[in-house]
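Participant: Got a structure for you, written out below as C-alpha coordinates; questions coming shortly.
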Amino acid sequence: MAFATATTISYSSGLFMTAFAVVLLGERVGVVRWFAVLIGFAGVVLVMGPGREAFTLVSFLPLGAAALYALTGVTARLIDEDVPSALINLYSSGFAVLGSVVVALFFGGFSTIQSASDFGWIVAMGGFGGIAVLLLIISFRMTDQSNLAAFSYFGIPMAFFFGWLFFDEAPVQDLLPGSILIVGGGVLIVLRERRRRKLALEALR
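Sequence positions in the sequence shown follow numbering that gives the first Met the number 0 and run 0 to 204.
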(Lines of atoms letter the chains of each structure in order from A and count residues from 1; the text may use other names and numbers.)
(Lines give C-alpha, C1' and ligand atoms only; values in the text may rest on other atoms or scores of the structure.)
Protein backbone atom coordinates (compact mmCIF):
# COMPACT_ATOMS: atom_id res chain seq x y z
CA MET A 1 0.00 0.00 0.00
CA ALA A 2 1.32 3.42 -0.94
CA PHE A 3 2.44 5.68 1.91
CA ALA A 4 -0.02 8.44 1.03
CA THR A 5 -2.92 5.97 0.72
CA ALA A 6 -2.28 4.39 4.12
CA THR A 7 -1.81 7.80 5.70
CA THR A 8 -5.02 9.14 4.18
CA ILE A 9 -6.99 6.23 5.62
CA SER A 10 -5.41 6.80 9.03
CA TYR A 11 -6.64 10.39 8.99
CA SER A 12 -10.16 9.11 9.42
CA SER A 13 -9.26 9.39 13.11
CA GLY A 14 -11.00 12.77 13.11
CA LEU A 15 -14.24 11.07 12.20
CA PHE A 16 -13.81 8.45 14.91
CA MET A 17 -12.91 11.21 17.35
CA THR A 18 -16.20 12.98 16.80
CA ALA A 19 -18.14 9.76 17.34
CA PHE A 20 -16.16 8.71 20.44
CA ALA A 21 -16.54 12.18 21.96
CA VAL A 22 -20.30 11.70 21.95
CA VAL A 23 -20.16 8.28 23.60
CA LEU A 24 -17.37 8.82 26.13
CA LEU A 25 -17.44 12.57 26.83
CA GLY A 26 -21.10 13.32 26.32
CA GLU A 27 -20.39 16.03 23.75
CA ARG A 28 -23.39 17.12 21.71
CA VAL A 29 -23.00 16.69 17.96
CA GLY A 30 -25.78 17.89 15.69
CA VAL A 31 -27.20 16.44 12.50
CA VAL A 32 -24.90 18.48 10.26
CA ARG A 33 -21.75 17.23 11.96
CA TRP A 34 -22.98 13.63 11.84
CA PHE A 35 -23.61 14.16 8.14
CA ALA A 36 -20.03 15.42 7.84
CA VAL A 37 -18.78 12.27 9.56
CA LEU A 38 -20.70 10.11 7.09
CA ILE A 39 -19.23 12.07 4.17
CA GLY A 40 -15.77 11.51 5.57
CA PHE A 41 -16.29 7.78 6.01
CA ALA A 42 -17.57 7.56 2.44
CA GLY A 43 -14.26 9.08 1.41
CA VAL A 44 -12.39 6.49 3.48
CA VAL A 45 -14.21 3.68 1.66
CA LEU A 46 -13.27 5.19 -1.70
CA VAL A 47 -9.62 5.49 -0.71
CA MET A 48 -9.52 1.92 0.59
CA GLY A 49 -10.93 0.87 -2.79
CA PRO A 50 -12.98 -2.31 -2.27
CA GLY A 51 -12.86 -4.25 -5.52
CA ARG A 52 -9.41 -3.02 -6.53
CA GLU A 53 -6.53 -5.48 -6.73
CA ALA A 54 -4.66 -3.51 -4.08
CA PHE A 55 -7.53 -3.95 -1.60
CA THR A 56 -6.60 -6.56 1.03
CA LEU A 57 -7.01 -7.07 4.75
CA VAL A 58 -3.93 -4.87 5.14
CA SER A 59 -6.12 -1.96 4.04
CA PHE A 60 -7.97 -2.20 7.36
CA LEU A 61 -4.80 -1.76 9.45
CA PRO A 62 -4.58 2.05 9.06
CA LEU A 63 -8.33 2.23 9.72
CA GLY A 64 -7.86 0.34 12.99
CA ALA A 65 -4.93 2.59 13.86
CA ALA A 66 -7.14 5.62 13.25
CA ALA A 67 -9.82 4.32 15.61
CA LEU A 68 -7.31 3.58 18.38
CA TYR A 69 -5.61 6.94 17.89
CA ALA A 70 -8.96 8.71 18.21
CA LEU A 71 -9.72 6.71 21.35
CA THR A 72 -6.40 7.87 22.81
CA GLY A 73 -7.28 11.49 22.16
CA VAL A 74 -10.71 11.20 23.73
CA THR A 75 -9.48 9.39 26.85
CA ALA A 76 -6.92 12.18 27.40
CA ARG A 77 -9.87 14.44 28.26
CA LEU A 78 -10.97 12.03 30.98
CA ILE A 79 -7.74 12.54 32.97
CA ASP A 80 -7.76 15.16 35.73
CA GLU A 81 -6.58 18.56 34.51
CA ASP A 82 -4.12 18.80 37.42
CA VAL A 83 -2.05 15.96 35.95
CA PRO A 84 0.73 17.50 33.78
CA SER A 85 0.51 16.68 30.08
CA ALA A 86 4.22 15.78 30.04
CA LEU A 87 3.60 13.17 32.73
CA ILE A 88 0.71 11.69 30.77
CA ASN A 89 2.98 11.50 27.74
CA LEU A 90 5.69 9.76 29.79
CA TYR A 91 3.34 7.12 31.20
CA SER A 92 1.57 6.48 27.91
CA SER A 93 4.91 6.18 26.09
CA GLY A 94 6.13 3.72 28.71
CA PHE A 95 3.12 1.48 28.24
CA ALA A 96 3.52 1.83 24.48
CA VAL A 97 7.06 0.45 24.81
CA LEU A 98 5.78 -2.52 26.82
CA GLY A 99 3.08 -3.16 24.25
CA SER A 100 5.61 -2.95 21.43
CA VAL A 101 7.81 -5.55 23.13
CA VAL A 102 4.87 -7.93 23.45
CA VAL A 103 3.92 -7.45 19.80
CA ALA A 104 7.53 -7.96 18.70
CA LEU A 105 7.83 -11.16 20.74
CA PHE A 106 4.67 -12.72 19.37
CA PHE A 107 4.61 -11.41 15.81
CA GLY A 108 7.80 -9.72 14.66
CA GLY A 109 10.76 -11.01 16.60
CA PHE A 110 13.81 -8.99 17.54
CA SER A 111 16.70 -8.11 15.27
CA THR A 112 19.75 -5.92 15.60
CA ILE A 113 19.92 -2.52 13.95
CA GLN A 114 21.66 -3.04 10.64
CA SER A 115 23.47 0.28 10.19
CA ALA A 116 24.24 3.64 11.73
CA SER A 117 21.88 5.21 9.22
CA ASP A 118 19.01 3.01 10.40
CA PHE A 119 19.83 3.91 14.01
CA GLY A 120 19.75 7.61 13.17
CA TRP A 121 16.36 7.32 11.46
CA ILE A 122 14.95 5.39 14.43
CA VAL A 123 16.18 8.03 16.89
CA ALA A 124 14.73 10.81 14.74
CA MET A 125 11.42 8.96 14.43
CA GLY A 126 11.24 8.51 18.19
CA GLY A 127 12.09 12.14 18.88
CA PHE A 128 9.65 13.59 16.38
CA GLY A 129 6.96 11.15 17.45
CA GLY A 130 7.40 11.96 21.14
CA ILE A 131 7.14 15.70 20.55
CA ALA A 132 4.10 15.21 18.30
CA VAL A 133 2.30 13.09 20.90
CA LEU A 134 2.99 15.65 23.64
CA LEU A 135 1.59 18.47 21.50
CA LEU A 136 -1.46 16.37 20.68
CA ILE A 137 -2.11 15.55 24.33
CA ILE A 138 -1.99 19.25 25.21
CA SER A 139 -4.42 20.11 22.42
CA PHE A 140 -6.75 17.23 23.31
CA ARG A 141 -7.06 18.57 26.86
CA MET A 142 -7.70 22.18 25.82
CA THR A 143 -10.80 21.88 23.65
CA ASP A 144 -13.61 19.61 22.48
CA GLN A 145 -12.41 16.66 20.45
CA SER A 146 -14.89 17.34 17.67
CA ASN A 147 -13.23 20.75 17.17
CA LEU A 148 -9.84 19.16 16.55
CA ALA A 149 -11.10 16.53 14.14
CA ALA A 150 -10.64 18.51 10.95
CA PHE A 151 -7.13 19.77 11.62
CA SER A 152 -5.67 16.29 11.21
CA TYR A 153 -6.64 16.35 7.53
CA PHE A 154 -3.84 18.78 6.74
CA GLY A 155 -1.57 15.74 6.93
CA ILE A 156 -3.07 14.25 3.76
CA PRO A 157 -1.31 16.55 1.26
CA MET A 158 1.83 16.35 3.40
CA ALA A 159 1.74 12.54 3.21
CA PHE A 160 1.34 12.73 -0.55
CA PHE A 161 4.36 15.03 -0.78
CA PHE A 162 6.59 12.90 1.45
CA GLY A 163 5.49 9.72 -0.33
CA TRP A 164 6.54 11.29 -3.61
CA LEU A 165 9.77 12.71 -2.16
CA PHE A 166 11.05 9.61 -0.36
CA PHE A 167 9.35 6.67 -2.09
CA ASP A 168 8.61 8.00 -5.59
CA GLU A 169 4.89 7.29 -5.11
CA ALA A 170 2.05 9.37 -6.53
CA PRO A 171 -1.21 7.40 -6.07
CA VAL A 172 -3.45 10.17 -7.39
CA GLN A 173 -6.12 7.79 -8.69
CA ASP A 174 -6.32 5.99 -5.35
CA LEU A 175 -6.68 9.21 -3.35
CA LEU A 176 -9.27 10.99 -5.51
CA PRO A 177 -12.10 11.65 -4.94
CA GLY A 178 -12.03 9.94 -1.53
CA SER A 179 -9.51 12.30 0.05
CA ILE A 180 -11.63 15.27 -1.04
CA LEU A 181 -14.64 13.82 0.78
CA ILE A 182 -12.56 13.19 3.91
CA VAL A 183 -11.26 16.75 3.96
CA GLY A 184 -14.69 18.12 3.04
CA GLY A 185 -16.30 16.32 5.95
CA GLY A 186 -13.72 17.76 8.32
CA VAL A 187 -14.11 21.29 7.04
CA LEU A 188 -17.88 21.02 7.39
CA ILE A 189 -17.44 20.02 11.04
CA VAL A 190 -15.26 23.07 11.70
CA LEU A 191 -17.64 25.48 9.96
CA ARG A 192 -20.62 24.08 11.82
CA GLU A 193 -18.85 24.37 15.16
CA ARG A 194 -17.91 27.99 14.49
CA ARG A 195 -21.52 28.80 13.64
CA ARG A 196 -22.76 27.07 16.79
CA ARG A 197 -20.36 29.01 19.00
CA LYS A 198 -21.20 32.30 17.31
CA LEU A 199 -24.90 31.77 17.95
CA ALA A 200 -24.19 30.80 21.56
CA LEU A 201 -22.19 34.01 22.14
CA GLU A 202 -24.90 36.14 20.56
CA ALA A 203 -27.49 34.53 22.82
CA LEU A 204 -25.48 35.56 25.90
CA ARG A 205 -25.40 39.22 24.92
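Ideal Cβ positions, reconstructed from N, Cα and C, are used throughout, including at glycine. Predicted, not measured: the structure shown is a model, and the values here were computed from it.
Starting from glycine 201, trace the alpha helix (DSSP H) both ways and give me its first and last residue.
Facilitator: One point to set straight first is that residue 201 is glutamate, not glycine, in the sequence displayed. First-last of the alpha helix (DSSP H) with glutamate 201: 177-203.
Participant: Select from Ala41, Tyr68, Pro176 the residue whose C-alpha is nearest the C-alpha of alanine 95.
Facilitator: For alanine 95, the nearest C-alpha among the options comes from Tyr68.
Participant: Which whole-angstrom value is the C-beta distance of isoleucine 155 and serine 138, which I expect to be below 8 Å?
Facilitator: Actually they do not touch by this definition, with Cβ atoms about 18 Å apart.
Participant: Taking phenylalanine 59 as part of the alpha helix (DSSP H), name the residues at either end of that continuous run.
Facilitator: Premise fails: phenylalanine 59 is in no alpha helix (DSSP H) and is neither H nor E.
Participant: Could you spell out the range, first to last residue, of the alpha helix (DSSP H) harbouring methionine 0?
Facilitator: No alpha helix (DSSP H) contains methionine 0, which DSSP labels as neither H nor E.
Participant: Which value, in whole angstroms, describes the spacing of the CA atoms of serine 114 and aspartate 81?
Facilitator: For serine 114 and aspartate 81, the distance between alpha carbons rounds to 43 Å.
Participant: Quick one: grab the DSSP three-state call for aspartate 117.
Facilitator: In the structure shown, aspartate 117 sits in a helix (DSSP, three-state: H, G or I).
Participant: Rounded to whole angstroms, what is the Cα-Cα separation between leucine 37 and glycine 184?
Facilitator: Leucine 37 and glycine 184: Cα-Cα distance of roughly 8 Å.
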